[in-house]
Amino acid sequence: MGRVGETARKLLKAAGGVFEDGRFAVFMLAALVFWNGLMLALVAIPPERGPLSEFAGEFRKWCFRYDADSETIDWTFTIPFFSVPLVLGVATLVVYPRQILGVVRRPHTLIACIGAAVVVVAAASAGLVWSSESLPVADRPFPAEKLRTAYEAPVFELVNQDSERITLQDFHGKVVIVTGIYTTCPDT
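Under our numbering, the first residue of the sequence shown is numbered 62, with each subsequent residue one higher.
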């Protein structure tokens, strides 16, 4: 085996060791705990002014279906955020119990695994905040501006629910919603 092959074998053995000796399991458990802590913090941050609370408010609105009027969260939306890490954590404990105890008995390795988890969760958190930054609400363009048309509605007559004949000109300057029910019989 050549020098490159020997180096590759050593790298693969070292990488495999991370998964076999419990370091990955401890890292994963720590990351899951810190991630769930982050999710709980985002639920609990009060809606005051400031970039972090603004982000937390938007996160609650989009991910937890937060209703600002009633100040409530749809708790069914939180289930995936908390149950998936819980299931992964339990599965990790079931699969790696001896290996985890081995890492716990080595304080330097334990601290390194937990530190790596803190760095990864902090980077993911910063990525969430960074990727969510956008234009201030006042600077956002009207989203339907490109949908506006200059077409005038054609002149036509309809029969309303009171059996009166009406035209769109009868409602000039008002918003009109035209609905239709298609049936096989001429009278409904």
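The beta carbon of each residue, even a glycine, is placed where N, CA and C say it ideally should be.
Residues that DSSP places opposite residue i in a beta bridge
i	result
residue 228	218
residue 128	133
DSSP three-state assignment for residue i, whether helix, strand or coil
i	result
residue 83	coil
residue 74	helix
residue 240	coil
residue 295	Because residue 295 is not part of the residues shown, which for the chain are 62 to 249, the question remains open.
residue 253	Because the chain spans 62 through 249 in this model, residue 253 falls outside it and cannot be assessed.
residue 109	coil
residue 67	helix
residue 166	coil
Contact belief for residue i with residue j at Cβ below 8 Å, rounded distance in angstroms
i	j	result
residue 86	residue 161	5 Å
residue 216	residue 228	7 Å
residue 88	residue 178	5 Å
residue 84	residue 164	6 Å
residue 116	residue 181	Not a contact, Cβ separation roughly 19 Å.
residue 213	residue 226	With 8 Å as the limit, residue 213 and residue 226 do not qualify as a contact, their Cβ atoms being about 20 Å apart.
residue 23	residue 186	The requested residue 23 does not occur in the structure, where the chain is confined to residues 62 to 249.
- Task: Flag this pair as touching only if the stretch 163-172 and the stretch 95-114 have three or more C-beta atom pairs under 8 Å; answer yes or no.
- Result: Contact between the stretch 163-172 and the stretch 95-114 is not established, with fewer than three Cβ pairs separated by less than 8 Å.
- Cβ pair count under 8 Å reaching 3, the stretch 137-145 against the stretch 106-126: Taking a contact to require three or more Cβ pairs closer than 8 Å, the stretch 137-145 and the stretch 106-126 qualify as touching.
- Item | Those runs of the alpha helix (DSSP H) which lie wholly inside the stretch 136-165 and span at least 4 residues | Whole alpha helix (DSSP H) segments, 4+ residues: 136-156, 158-165.
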